[in-house]
Amino acid sequence: MRKVFNDEKLNEEFIKNGYVRVPFISPEEAAELKQKFFDTLPNSGGQITTEETGVENSRLVTYDFTFIDKNPEYKREVFNIITKRFKPHVERLLADYRPVIANYIRKQPTTGEVPLHENWAFADERKCFTVSIWCPLVDSTVENGTLQVVPGSHKRFGEIRGPMIPWELDNIKHEIINNHLVPLETKAGDCVILDDSIVHYSAVNNSGGLRLAIQLICIPAEMPSIHYYMDPSKSMTEVQVLEVDVDFYMQFNPWKNPGNVKCIKTIPYRHHFIGEAEFIERLKKPRFDEQTEEKKGFFDKLKEAFA
């Protein structure tokens, strides 16, 4: 498996825990990006809602999130601002990664809970690690709804992840939130770099003040970017693997058929929910990318060598 970080110690920590917390941008850069959020906000088109696409969804998005903005040009503007400022810092830390999605995430006081989840898959995770750089622009605390993670949960649950695909942890979210999360209080300008498959969550902003952060999703430069798409109205037993790029996410509506996008292949999918006991047990087992190699027999590996 290719390395994630230029620094070997950071790489080892990330592989073990699924995240690292490191200094990232200067206080001046954090202040600049915070101001850019407010400067560009008038260009926002407002958030896409499920009602507009006729999809039933009981989850109300109670935080401002660039990714689901209606205005593609605003999303592109935010992407360019963030990637330009982050570029030297990403290159310093990561081993040849490229950005695919960039977001501001704002929690207003008394609201903004982000449900327990894993990020979607953005590349073949049996071949690489994709990452989210989460960088608060104000000090992030338990009180204002900081990021919380289940250490070591990366690449152990929900390998096939996309907007309409059921998640195997859906029935035990409350148990995980109550029993298994570690809050990561982080100073403004520092960041948490997490594997996109790690189980994570953030609570309501109870501080009475602003809670503003940036998320930058990156994949290895040489890897194709993919998107798993399921149309539940047609089939709950198969998923399309789409080949996508940065422009795809500028126009993207997570609750709508992506339309004219290249489908690499269609794969079978089996709906399955697990309980807390199995969740705990699987935290102790190898990641799914490690299991791939362990389960291959001699003749399977021989075939690959001569393929």
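Position one of the sequence shown corresponds to residue 48 (the numbering used here), numbered consecutively onward.
Ideal Cβ positions, reconstructed from N, Cα and C, are used throughout, including at glycine.
Here the structure is a predicted model, which means the values were calculated and not measured.
In this structure, I152 sits away from K117, with a CB-CB distance that is not shorter than 7 Å. Here DSSP, grouped into helix, strand and coil, assigns F335 to helix. Cβ neighbours of E120 within its own chain (closer than 8 Å, five residues either side excluded): N90. Ranked by how close their Cα comes to the Cα of P333, the residues T193, S200, S282 have S200 in first place. Boundaries of the beta strand (DSSP E) harbouring D242: 237 to 242, taken from the DSSP string. Listed in chain order, the beta strand (DSSP E) runs fully inside the region 142 to 209 are 144 to 154, 161 to 164, 178 to 183, 194 to 196, counting runs of at least 3 residues. Only residues of its own chain outside the window of five on either side were considered, and among them V147, F169, A170, I266, V291, D292 have a CB closer than 7 Å to the CB of S272, listed in chain order. Just measuring C-alpha positions, the residue of Q287, M283, H274 sitting nearest D294 is H274.
When DSSP states are grouped into helix, strand and coil, F112 belongs to the strand group. In the DSSP assignment, A77 is bridged to no other residue. In the same chain as T193, and ignoring 5 residues on each side of it, the C-beta atoms closer than 7 Å to its own belong to S187, P230, L231, E232, T233, S249, in chain order. The C-beta distance from N191 to S179 rounds to 19 Å, too long to meet the 8 Å contact threshold. In the DSSP assignment, K312 falls within the unbroken beta strand (DSSP E) covering 310 to 315. Here P213 has H318 as same chain residues with Cβ atoms under 7 Å from its own Cβ, once five neighbours each way along the sequence are excluded. Cβ contact annotation for Q298 (same chain, cutoff 7 Å, sequence separation greater than five): P119, in chain order. Shown here, P271 sits in coil according to DSSP, grouped into three states, outside any helix or strand. In this structure, the straight-line span from the alpha carbon of F61 to that of F176 is close to 10 Å. When DSSP states are grouped into helix, strand and coil, E285 belongs to the strand group. In chain order, G199, S200, R203 place their CB closer than 7 Å to the CB of L330, counting only its own chain and leaving out the 5 sequence neighbours on each side. Here the region 130 to 140 makes no contact with the region 296 to 316; the two share fewer than three CB pairs at distances below 8 Å. Distance between L259 and V189, taken at the CA atoms: about 14 Å.
Secondary structure of I261 (DSSP, three-state): strand. When the five nearest sequence neighbours on each side are left out, the beta carbons in the same chain lying within less than 6 Å of the beta carbon of P156 are those of N252, G255, in order along the chain.
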